[in-house]
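*Asks:* In the numbering used here, the protein residues as written are 1315 to 1641.
Think of the CB as a built atom: it goes at the ideal place given N, C-alpha and C, for glycine as much as any other residue.
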Ligand code: PBG
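#1: Who does residue 1345 pair with in a DSSP beta bridge?
#2: Starting from the C-beta of residue 1570, find all residues in its chain whose C-beta is less than 6 angstroms away, skip the five residues before and the five after it, and write them out in chain order.
#3: Between residue 1537 and residue 1510, how many whole angstroms is the CB-CB distance? I'm expecting something under 8 angstroms.
#4: Assuming residue 1417 is part of the alpha helix (DSSP H), what are its boundary residues?
#5: Which residues in the same chain as residue 1410 place their Cβ atom closer than 6 angstroms to its Cβ, once the five residues preceding and following it in sequence are excluded?
#6: Please indicate yes or no: does the CB of residue 1423 lie closer than 7 angstroms to some heavy atom of the ligand PBG?
#7: Give me, in chain order, the residues of the same chain whose beta-carbon lies closer than 8 angstroms to that of residue 1375; leave out the 5 immediate sequence neighbours on both sides.
#8: Would you report the Cα separation of residue 1398 and residue 1636, rounded to the nearest angstrom?
#9: Taking only runs that begin and end inside the segment 1458 to 1523, name each unbroken beta strand (DSSP E) of 3 or more residues, in chain order.
#10: Quick check on DSSP: helix, strand or coil for residue 1589?
#11: Could you check if residue 1442 is buried or exposed, using at least 16 other CB atoms within 10 Å of its CB as the buried criterion?
#12: Residues bridged to residue 1392 by DSSP?
#13: Is residue 1277 near the ligand PBG, with its Cβ less than 7 angstroms from a heavy atom?
#14: Provide the residue span of the alpha helix (DSSP H) that contains residue 1330, from first to last.
#15: Going by the DSSP bridge assignment, what does residue 1535 pair with across the sheet?
#16: Classify residue 1642: buried if its beta carbon has 16 or more other beta carbons within 10 angstroms, exposed otherwise.
#17: For residue 1273 versus residue 1586, is the C-beta distance shorter than 8 angstroms?
#18: Could you check where the alpha helix (DSSP H) with residue 1379 kicks off and where it finishes?
#19: Start and end of the alpha helix (DSSP H) containing residue 1616?
#20: Tell me whether residue 1634, by its Cβ, gets closer than 7 angstroms to a heavy atom of the ligand PBG.
#21: Could you tell me the alpha carbon to alpha carbon distance between residue 1515 and residue 1608, rounded to whole angstroms?
Here's what the structure looks like:
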């Protein structure tokens, strides 16, 4: 057989396979999304996300300790307030759940890098991501509240803020307010390319943030589009974003790829609640090998171009990396 090129030569054993890997992963790029709930004692399992919890302050601290021990040193915090109203006032209350949680974490674990999700939907009585004018989410009045919220998080000690509301102009709005208060060094990770996705279903149960009427299609993106995502990313770069996020991850690898080619900033991909819950459900039924699927999903996201990976499987992945199951 006259065949000089045999791609299988470099697949012969694990050592050579590891040597020639094109995609390498690192625990430092993992971010764990975490829910903290006002007034909760202990923790409460999220029924649509088995293995994920809403945390009260004490159990939150224990979880942070576990994460740090496993080598996961960044979290994305979501708050579930006791009080909701039309203008989401608990979002920017200096004694709100996020503000308290950040201060608590930073006092015990200053080495944990705390990123806060900046949005109104967990705090508004109607569950939309901004202020309503009639039935429409009003862009420009929302900007002020988002900037106030971001500032209150940073004042409480947040290392980075991550607006997820999809209002136009919010990166510039937040940047201006942070800078005016001297927080010129605090980075913004923009949920720049965020699609109106049914993959967020379990999250909305977790955070009690489902819209009470309508949907989020007038602000989150249509999943038929990718050029529109590049436009969103470019606008946020111009407005001063430091990291661009694409969300969800698994069904959007093409978008991650395009964004990472076009943008000269680190790209984050968020493997969202629905992705987590699908894997857990199929794993429980024995239809898939849960651990191998978690690894494959993670590597494919990095291979597509993500530099940073937000995932509810962060702790598991850190363990798999330690064991050399992916690397
Ligand atoms: C808040 C927000 C959502 C998610 C992150 N930030 C929900 C939404 O937009 O409805 C989803 C995260 C997930 O599904 O894991 N706006």
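*Replies:* Result, derived from the coordinates:
#1: According to DSSP, which records beta bridges pairwise, residue 1345 is partnered with 1624.
#2: Same-chain partners within the cutoff: 1560, 1583, 1618, 1619, 1620.
#3: That pair is a contact at about 7 angstroms.
#4: Here the alpha helix (DSSP H) through residue 1417 covers 1411 to 1422.
#5: Here the set comprises 1404.
#6: Taking the Cβ of residue 1423 as the reference point, every heavy atom of the ligand PBG lies at 7 angstroms or farther away.
#7: Only 1418, 1419, 1422, 1423 meet the Cβ criterion.
#8: Going from the Cα of residue 1398 to the Cα of residue 1636 covers about 42 angstroms.
#9: If one requires a minimum length of 3 residues, the beta strand (DSSP E) runs lying completely within the segment 1458 to 1523 are 1474 to 1477, 1503 to 1508, in chain order.
#10: Helix.
#11: Here residue 1442 is buried. Its C-beta has 16 or more other C-beta atoms within 10 Å.
#12: Looking at the DSSP output, residue 1392 shares a beta bridge with 1349.
#13: This structure cannot speak to residue 1277, because the chain is shown only from 1315 to 1641.
#14: 1328 to 1333 is the span of the alpha helix (DSSP H), which, as asked, contains residue 1330.
#15: In DSSP, residue 1535 forms a bridge with 1509.
#16: As shown, the chain starts at 1315 and ends at 1641. That puts residue 1642 outside it, with no answer to give.
#17: An answer regarding residue 1273 cannot be provided, because it is not within the stretch 1315 to 1641 covered by the chain.
#18: Segment 1371 to 1384, the alpha helix (DSSP H) holding residue 1379.
#19: Bounds of the alpha helix (DSSP H) holding residue 1616 are 1604 to 1618.
#20: False, no ligand heavy atom lies under 7 angstroms from that Cβ.
#21: Taking the straight line joining both Cα atoms gives about 19 angstroms.
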